[in-house]
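Numbering (the working numbering), first residue to last: 8 to 275.
Think of the CB as a built atom: it goes at the ideal place given N, C-alpha and C, for glycine as much as any other residue.
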Amino acid sequence: MLRDITLGQYYQTESVIHKLDPRVKLVATIVFIISLFLVNNFIGYIIAAAFLACMVKLSKVPFRFMVKGMKSIVFLLMIAVVFNLFLTPGEPLFSVWKLTVTKEGLRLAVMMAIRLVFLIIGSSLMTLTTTPNNLTDGMEKILSPLKKLHVPVHEISMMMSIALRFIPILLEETDKIMKAQIARGADFESGNLIKKAKSLVPLLVPLFISAFRRANDLAMAMEARCYRGGEHRTKMKPLVYQKRDRAAYVILFIYVAICIYFGRIFTI
Numbered sequence: 008m009l010r011d012i013t014l015g016q017y018y019q020t021e022s023v024i025h026k027l028d029p030r031v032k033l034v035a036t037i038v039f040i041i042s043l044f045l046v047n048n049f050i051g052y053i054i055a056a057a058f059l060a061c062m063v064k065l066s067k068v069p070f071r072f073m074v075k076g077m078k079s080i081v082f083l084l085m086i087a088v089v090f091n092l093f094l095t096p097g098e099p100l101f102s103v104w105k106l107t108v109t110k111e112g113l114r115l116a117v118m119m120a121i122r123l124v125f126l127i128i129g130s131s132l133m134t135l136t137t138t139p140n141n142l143t144d145g146m147e148k149i150l151s152p153l154k155k156l157h158v159p160v161h162e163i164s165m166m167m168s169i170a171l172r173f174i175p176i177l178l179e180e181t182d183k184i185m186k187a188q189i190a191r192g193a194d195f196e197s198g199n200l201i202k203k204a205k206s207l208v209p210l211l212v213p214l215f216i217s218a219f220r221r222a223n224d225l226a227m228a229m230e231a232r233c234y235r236g237g238e239h240r241t242k243m244k245p246l247v248y249q250k251r252d253r254a255a256y257v258i259l260f261i262y263v264a265i266c267i268y269f270g271r272i273f274t275i
């Protein structure tokens with residue numbers, strides 16, 4: 008299950024989305040996520056689904072590879088759906104024991120589930136089509152106005168990029184440790200909640216040690232290469248907007264306009 012998490016991974020292939028400037032993909036991801044919370048009906052979500060499907064098709068990343076990442080949020084998805092389903096007041100539909108499912112709760116639960124699914128796929132699309140180095144450069148460029156306020160933009164961008172890059176590495180390490188512990192007779196499934204929590208100790212201790220060791224190795228490697236962040240640092244490949252990037256911004260603007268217009272006009 009841990010291997011199914013796709014957030015933070017990079018999928019190497021040749022596509023229009025891969026060639027886009029990382030700033031475009033960062034802005035597009037943020038705008039897409041915001042658009043999911045601006046619409047309040049299913050017409051808006053249909054438009055968002057069509058836009059996301061087009062982006063996935065253009066990225067040439069297999070859809071089943073993205074869907075694998077959804078397995079990791081099933082529990083979170085179920086919690087969000089159940090809470091909205093049973094705790095939203097409104098017109099009653101039916102009752103389950105002492106809990107009442109309302110029309111408004113059912114609508115809100117479905118919309119929340121759609122939002123979470125689209126949010127994860129949209130975020131994964133950005134990381135799957137952008138290398139960590141490009142992601143760092145894109146973040147630094149977007150946040151560059153904050154340098155006037157003495158905000159360490161480069162360091163923040165680097166930390167965020169390293170954190171995203173370490174997600175699949177640590178998940179793979181967790182999977183290896185878990186399999187090794189199971190081979191030695193460890194049981195992570197049976198027992199009550201307290202017993203399951205205690206069974207995670209043999210997993211967490213070597214995982215933390217491995218994480219600190221990797222962090223130390225990375226720091227030593229950066230120091231050995233005389234890495235210095237901040238001002239006066241040059242780029243091997245400076246980010247320059249191309250025609251396709253400007254076209255992508257126009258398409259993004261059109262999507263937002265259509266999504267908000269139809270998402271607000273219709274009340275389905």
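Assuming residue i and residue j make a contact with CB atoms under 8 Å, what is their CB distance in whole Å?
| i | j | result |
| --- | --- | --- |
| Arg172 | Pro139 | 4 Å |
| Leu153 | Ser164 | Contact doesn't hold; Cβ gap of about 11 Å is too wide. |
| Leu92 | Val108 | 6 Å |
| Val68 | Thr136 | 7 Å |
| Glu179 | Ser217 | Actually they are not in contact, since the Cβ atoms of Glu179 and Ser217 sit about 11 Å apart, beyond 8 Å. |
| Ile50 | Phe269 | 5 Å |
Please confirm whether residue i and residue j have their CB atoms less than 8 Å apart.
| i | j | result |
| --- | --- | --- |
| Val63 | Met73 | yes |
| Met175 | Gln188 | The amino acid at residue 175 is misidentified as Met; the sequence shows Pro. No, the pair does not count as a contact, with Cβ atoms beyond the cut-off. |
| Lys105 | Gly97 | no |
| Leu84 | Ala120 | yes |
| Arg251 | Val46 | no |
| Ser206 | Phe219 | no |
| Ile127 | Ile265 | no |
| Val357 | Leu259 | This structure cannot speak to residue 357, because the chain is shown only from 8 to 275. |
| Leu246 | Lys148 | yes |
Excluding the 5 residues flanking residue i on each side, which residues of the same chain have their C-beta closer than 6 Å to its C-beta?
| i | result |
| --- | --- |
| Gly145 | Pro29, Arg30 and Leu33 |
| Tyr262 | Phe58 |
| Tyr17 | Thr138 |
| Lys244 | none |
Could you say which of the options lies nearest to residue i if we only look at CA atoms?
| i | options | result |
| --- | --- | --- |
| Ile80 | Met243, Glu179, Phe269 and Phe125 | Phe125 |
| Pro254 | Ala35, Lys67 and Gly112 | For clarity, residue 254 is Ala in the given sequence; the question names Pro instead. Answer by Cα proximity: Ala35. |
| His161 | Arg191, Arg235 and Phe269 | Arg235 |
| Arg221 | Gly192, Lys203 and Ala170 | Ala170 |
| His25 | Phe70, Asn48, Phe90 and Leu132 | Leu132 |
| Arg114 | Asn48, Pro159, Arg191 and Gly129 | Asn48 |
| Ile86 | Pro99, Val117 and Phe101 | Val117 |
| Lys242 | Thr143, Phe44 and Thr134 | Thr143 |
| Lys183 | Leu156, Ile201, Leu211 and Tyr248 | Leu211 |
| Asn141 | Ser102, Phe90 and Leu27 | Leu27 |
| Tyr52 | Phe82, Phe70 and Arg122 | Arg122 |
| Gly129 | Met229, Asn199, Phe70 and Ala228 | Phe70 |
| Gln19 | Gly112, Lys203 and Thr134 | Thr134 |
Can you tell me whether DSSP reads residue i as helix, strand or coil?
| i | result |
| --- | --- |
| Ser151 | helix |
| Pro99 | strand |
| Gln16 | coil |
| Asp252 | helix |
| Leu106 | strand |
| Leu207 | coil |
| Met8 | Legend: pLDDT at Met8 = 49, less than 50; position of this residue unreliable, no value from coordinates given. |
| Pro175 | helix |
| Met77 | helix |
| Glu111 | helix |
| Ser66 | helix |
| Leu84 | helix |
| Phe195 | coil |
| His157 | coil |
| Lys241 | For the record, residue 241 in the displayed sequence is Thr; it is not Lys. Coil, per DSSP. |
| Asn223 | helix |
| Ser168 | helix |
| Ser22 | coil |
| Thr181 | helix |
| Thr36 | helix |
| Asp144 | helix |
| Met118 | helix |
Quick one: residues in its chain with C-beta nearer than 8 Å to the C-beta of residue i, no 5 flanking neighbours on either side, listed in chain order?
| i | result |
| --- | --- |
| Glu21 | Lys67 |
| Phe101 | Thr107 and Val108 |
Are the C-beta of residue i and some C-beta of chain B separated by less than 8 Å?
| i | result |
| --- | --- |
| Leu115 | Given the protein chain composition of this structure (a single chain), no chain B is represented. |
Apart from the five residues on each side of it in sequence, which residues of its chain come closer than 7 Å, Cβ to Cβ, to residue i?
| i | result |
| --- | --- |
| Met167 | Met146 |
| Ser42 | Ala55, Val263 and Cys266 |
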